[in-house]
Every structure is written in C-alpha cells, then in structure tokens.
Amino acid sequence: MKKHTEIESIIELDETEDQRTLGQRIADKVADFGGSWTFIISFFCFLLLWIAANVFWFHNQGFDPYPFILLNLILSCIAALQAPIIMMSQNRQEEKDRERAKKDFIINLKAEQEIRVLHQKMDHILKHQHEELMALQRQQIELLQQLTQHKNDNL
Numbered sequence: 001m002k003k004h005t006e007i008e009s010i011i012e013l014d015e016t017e018d019q020r021t022l023g024q025r026i027a028d029k030v031a032d033f034g035g036s037w038t039f040i041i042s043f044f045c046f047l048l049l050w051i052a053a054n055v056f057w058f059h060n061q062g063f064d065p066y067p068f069i070l071l072n073l074i075l076s077c078i079a080a081l082q083a084p085i086i087m088m089s090q091n092r093q094e095e096k097d098r099e100r101a102k103k104d105f106i107i108n109l110k111a112e113q114e115i116r117v118l119h120q121k122m123d124h125i126l127k128h129q130h131e132e133l134m135a136l137q138r139q140q141i142e143l144l145q146q147l148t149q150h151k152n153d154n155l
C-alpha cells in the first residue's frame, strides 16, 4: 500500500508539471515555431519577397532601396525579441529536465531498494533450502548407515 502511494505521488508530480503561466506558454510556442523548418522556409520566402519587391518591382526606388536598411532593422528587432524568448523557453526546459532527473533518481532509488529486498528474500530462501537439504542429507546418511549395519548384521 505504501509503495503505491509513493508511485502515485510521482505520477502527480508529472501531472502538475503543466501549470505554466501565459508568458511561459507563449515563450514555448515562439521557441517551437522559431526552431522549426516552417519558420526558416517562411522567413526565407519573406526575405526573397521583400528583396524582389524592392529591387525588381520598384526598381530600387521603393520603400526600402538596395542596402535594405528597413529590412535590417526589422531583422534586428525580430532577433532581439526572439533570442530572450527562446532563452526563457530553454530555461523552462532545463527546469523540466532537472525535475525529470530528480524523478528518475527517486524511481531508481526505489527500484534499488526493491532489488535489495528481493536479494534478502532470495538469500533467506537459499539459506533455508540449504538447511533443509543438509537435514535431508543427514537423514539419508543415517538411513544408509542403518541399511549397511543391517546388511552387515545379516551376513
């Protein structure tokens, strides 16, 4: 009964793990999207579209001519906002990993204790089996001695 409550408490720790704040959920989603191929491909398409619009359609006279200063500013702002958000998400993941390692340690410790108990039980069983076998062997030796003595008496 006690072992089941310990296991249930570990399961409860897993269930309570997803109580994140709104900011943490947003940071995780931004980090997930920012580290995906979807983001990379869509951002690459956005860059190509921006450059094509300014160079070919507006003949480098558009809203952001060749050195693309506005595009540079936008990219810098995205990087400046995205980096701390990704770091927040990584810190949360690190916390999760630490908690998971603690749980693994507790589970491994409990498993080790159970294995020790099983070893003690096996040692106890082997000891009693050995004692029983020795008692049976003594009985057999006594019977053999009686038989040999009976045979010698009959001769």
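Numbering (my numbering), first residue to last: 1 to 155. Cβ coordinates follow ideal geometry from the N, Cα and C atoms, glycine included.
**Asked** Quick one: complete alpha helix (DSSP H) runs, 4+ long, within the stretch 37–73?
**Response** 37–52
**Request:** Thinking Gly-34 and Ile-74 are a contact (beta carbons under 8 Å), I'd like their distance in whole angstroms, please.
**Result:** Between Ile-74 and Gly-34 the Cβ distance is about 15 Å, and since that is not below 8 Å, they are no contact.
**Message:** Closer than 8 Å is the cut-off here; do at least three beta carbon pairs connect the stretch 112–122 with the stretch 57–66?
**Reply:** no
**Asked** With contact counted as at least three CB pairs below 8 Å, one residue from each stretch, are the stretch 25–41 and the stretch 84–100 in contact?
**Response** yes
**Message:** Rounded to whole angstroms, what is the Cα-Cα separation between Leu-47 and Ala-80?
**Reply:** 18 Å
**Message:** Quick check: Gln-24 and Arg-92, are their CB atoms within less than 7 Å of each other?
**Reply:** yes
**8 Å Cβ shell around Phe-68 - same chain, five flanking residues per side excluded** = Trp-50, Ile-51 and Asn-54
**Prompt:** To the nearest angstrom, how far is it from the Cα of Pro-84 to the Cα of Cys-77?
**Reply:** 12 Å
**Asked** Buried or exposed: Asp-64, going by 16 or more other Cβ atoms within 10 Å of its Cβ?
**Response** buried
**Item:** C-alpha distance - Ile-106 paired with Lys-96, whole-angstrom precision
**Value:** 15 Å
**Item:** Three-state secondary structure assigned by DSSP to Leu-155
**Value:** coil
**Asked** Going straight from the alpha carbon of His-124 to that of Leu-155, what length do you get?
**Response** 46 Å
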